[in-house]
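Student: Numbering (the working numbering), first residue to last: 6 to 212.
No residue lacks a Cβ here, since even glycine has one placed at the ideal position from N, Cα and C.
Please read through the structure below; I'll follow up with questions.
As structure tokens, then:
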């Protein structure tokens with residue numbers, strides 16, 4: 006493989022002229038000598054000498070490449086060839102699996118769609134205590150991270166439903182069933198558990 010191609014694959018974020026300089030200096034002797042530089046430059050980890058130390062260390066430990074050279078943006082799901090260059094507007098971040106949701110992006114909304122100020126005080130307030138458990142579970146599982154999920158969880162709690170954090174299920178005591186064993190830390194008995202996969206309540210015995 007040509008040296009230039011090898012360099013580009015190892016260090017995609019470093020300009021080619023910098024790589025050429027570094028490799029030329031490195032290949033002159035096994036222990037190149039650098040003269041005529043400020044004394045504090047040798048202790049500067051963010052200067053050219055610090056970069057050279059990192060590049061040499063990468064050859065033996067490729068895992069640290071991101072510490073000095075960063076990440077290739079094309080590997081993070083960014084389309085750098087897109088005609089619209091404002092990629093930050095819908096980029097959810099390097100750890101996001103999907104782009105930003107439409108409600109998280111700033112848009113210019115036409116005036117005819119801005120009706121909130123006219124109808125906000127005229128709408129009947131939503132009272133979740135009037136709705137069935139089924140609708141509350143729909144809010145909880147379909148509005149993750151939104152106000153509806155928190156409000157539905159609060160109403161389910163008021164109806165004696167409890168969310169099991171480890172098993173990630175909603176459960177409540179079966180009507181007329183007394184716990185077989187009960188303490189301050191746990192209880193054992195028969196419960197109704199909501200199964201979101203089949204969207205139904207099932208009765209099971211839990212320890």
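Measure the CB-CB distance between residue 208 and residue 197 and report whether it falls below 7 angstroms.
Tutor: A contact, by the Cβ cut-off of 7 angstroms.
Student: Just mark residue 161 as buried or exposed, buried being the case when its beta carbon has 16 or more other beta carbons within 10 Å.
Tutor: Classification of residue 161: buried, given that the 10 Å Cβ count is 16 or more.
Student: Taking one C-beta from the segment 199-208 and one from the segment 170-186 each time, how about it: are there three or more such pairs within less than 8 angstroms?
Tutor: Yes, since at least three Cβ pairs between the segment 199-208 and the segment 170-186 fall closer than 8 angstroms, the two stretches touch.
Student: Let me know if residue 112 comes out buried or exposed under the rule of 16 or more other beta-carbons within 10 Å of its beta-carbon.
Tutor: It is exposed - the Cβ of residue 112 has fewer than 16 other Cβ atoms within 10 Å.
Student: Which one or two residues does DSSP pair with residue 106 in a beta bridge?
Tutor: Bridge partners of residue 106: none, in fact.
Student: Could you check where the alpha helix (DSSP H) with residue 140 kicks off and where it finishes?
Tutor: Residues 138-147.
Student: Could you please give the first and the last residue of the uninterrupted alpha helix (DSSP H) stretch that includes residue 162?
Tutor: From DSSP, the alpha helix (DSSP H) with residue 162 extends over 152-163.
Student: Give me the DSSP bridge partner(s) of residue 174.
Tutor: According to DSSP, which records beta bridges pairwise, residue 174 is partnered with 169.
Student: So the alpha helix (DSSP H) residue 56 belongs to, where does it begin and stop?
Tutor: Segment 53-65, the alpha helix (DSSP H) holding residue 56.
Student: What is the residue span of the beta strand (DSSP E) that residue 210 lies within?
Tutor: Counting along the chain, the beta strand (DSSP E) containing residue 210 begins and ends at 205-211.
Student: From this set, 125, 149 and 157, which residue's C-alpha is nearest residue 139's C-alpha?
Tutor: Comparing Cα-Cα distances from residue 139 to each of 125, 149 and 157, the minimum goes to 157.
Student: Any contact of the segment 169-178 with the segment 188-202, i.e. 3+ C-beta pairs under 8 angstroms?
Tutor: Enough Cβ pairs lie closer than 8 angstroms, so yes.
Student: Output the distance between the C-alpha atoms of residue 62 and residue 76, rounded to the nearest integer angstrom.
Tutor: Approximately 17 angstroms, taken between the alpha carbons.
Student: Buried or exposed: residue 166, going by 16 or more other Cβ atoms within 10 Å of its Cβ?
Tutor: The residue in question, residue 166, is buried, as its Cβ has 16 or more Cβ neighbours within 10 Å.
Student: Does the distance from the C-beta atom of residue 104 to that of residue 98 stay below 7 angstroms?
Tutor: Not a contact, by the Cβ cut-off of 7 angstroms.
Student: Check each candidate in 132, 131, 187 and 142 and name the one with the smallest Cα separation from residue 168.
Tutor: Minimum Cα distance to residue 168 is reached at 142.
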